[in-house]
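S.K.: Residue numbers (my numbering): 173 to 436. So that we are looking at the same thing, I have put the structure below in structure tokens.
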């Protein structure tokens, strides 16, 4: 066993030094990690167009180095990039099981859904998914820490049957106090925010799974499908069925106001 491990190590070392000798003939290689750092920054600041452009520049560098093998290498790189994003999610206090599920889902899609002829489009779709997921996980920055914690709690527990009463009990405060500080800082009531987040999250399941609309309605604890349809249309402008069937509809996302208020 030890001999085998040494042999592998020696082989990697030889390959490393061969690559060092060859690397100077490929233009732009030295920019690879600079671009990757910029890409991560852009993804985490939700700069979709910039992130897509940067990822295409990275792919161009890989194309120069690997030529006809580029699609195979790009596939592997997308898996690596997804792992990097998953670890950044952990830095944003995303529960480890969700970061792991994110990583696994990305790897599965890259392995099984990425078509060789459409790898550049897949790159754009991957950025869209990163940003979609990260937008829901970014730390809120209200000056009232209870409001920040409530928002993160809702993000983590959204598929449970959350109510104002259950959230207030979790944070050991009264429902009236919670309702007041939440509306003061976020600009909408806590009940409205719960509906907004459920609509936002349900969009992903409508667009990317085969679950029935009734099943998705139940998953996010709407009292019935009719109510789900009414609330969904209120925020997106279309019914769940139209959103699923007509792919040109963009994802609805609630914009949390930038103005912050002093805590009470």
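Just so it is clear, CB atoms sit at the ideal spot from N, CA and C, and this is done for glycine as well. On a predicted model such as this, the values are computed, not experimentally measured, just so you know.
1) In terms of residues, what are the limits of the alpha helix (DSSP H) holding residue 199?
2) Going along the chain, which residues of its own chain have a beta-carbon closer than 7 Å to the beta-carbon of residue 234, five neighbours each way excluded?
3) For residue 435, which residues of its own chain have a beta-carbon under 7 Å away from its beta-carbon, when the five flanking residues on both sides are left out?
4) For residue 260 and residue 421, I'd like the C-alpha separation in whole angstroms.
5) From 276, 220 and 313, pick the residue whose C-alpha is nearest to that of residue 357; which is it?
6) Cα separation between residue 431 and residue 258?
7) Which one of 196, 360 and 201 has the shortest CA to CA distance from residue 229?
8) State the Cα-Cα distance for the pair residue 370 and residue 404, rounded to the nearest angstrom.
9) Exposed or buried, residue 365, counting other C-beta atoms within 10 Å across all chains shown (16 or more means buried)?
10) Once you ignore the five residues that flank residue 299 on each side, which residues in its own chain have a CB closer than 8 Å to its CB?
11) What does the alpha-carbon distance come out to for the pair residue 351 and residue 392?
12) Which one of 359, 291 and 373 has the shortest CA to CA distance from residue 328?
13) How long is the line joining the alpha carbons of residue 347 and residue 361, rounded to whole angstroms?
14) What did DSSP end up calling residue 314 once you bin it into helix, strand or coil?
15) Please classify residue 268: is it buried, with 16 or more other beta-carbons within 10 angstroms of its beta-carbon, or exposed?
16) What does the alpha-carbon distance come out to for the pair residue 254 and residue 274?
17) Among the candidates 208, 281, 417 and 408, whose CA atom is the shortest distance from the CA of residue 384?
M.R.: So, to answer that:
1) Per DSSP, residue 199 lies in no alpha helix (DSSP H) segment and is marked neither H nor E.
2) Taken in chain order, the residues that qualify are 242, 245, 246 and 249.
3) In this predicted model, residue 435 has a pLDDT of only 43, less than 50, meaning its place in the structure is not dependable; the value taken from the coordinates is given anyway. Within the same chain, and ignoring the five residues on either side of residue 435 in sequence, the residues whose Cβ sits closer than 7 Å to its Cβ are 315 and 316.
4) One C-alpha to the other measures close to 29 Å.
5) When only C-alpha atoms are compared, the closest one is 313.
6) Here the model assigns residue 431 a pLDDT of 47, short of 50, so the residue's position is not dependable and the matter cannot be decided.
7) 201
8) 9 Å
9) buried
10) 215, 220, 223, 224 and 227, listed in sequence order.
11) 21 Å
12) For residue 328, the closest of 359, 291 and 373 by C-alpha to C-alpha distance is 373.
13) 12 Å
14) coil
15) exposed
16) 8 Å
17) 417
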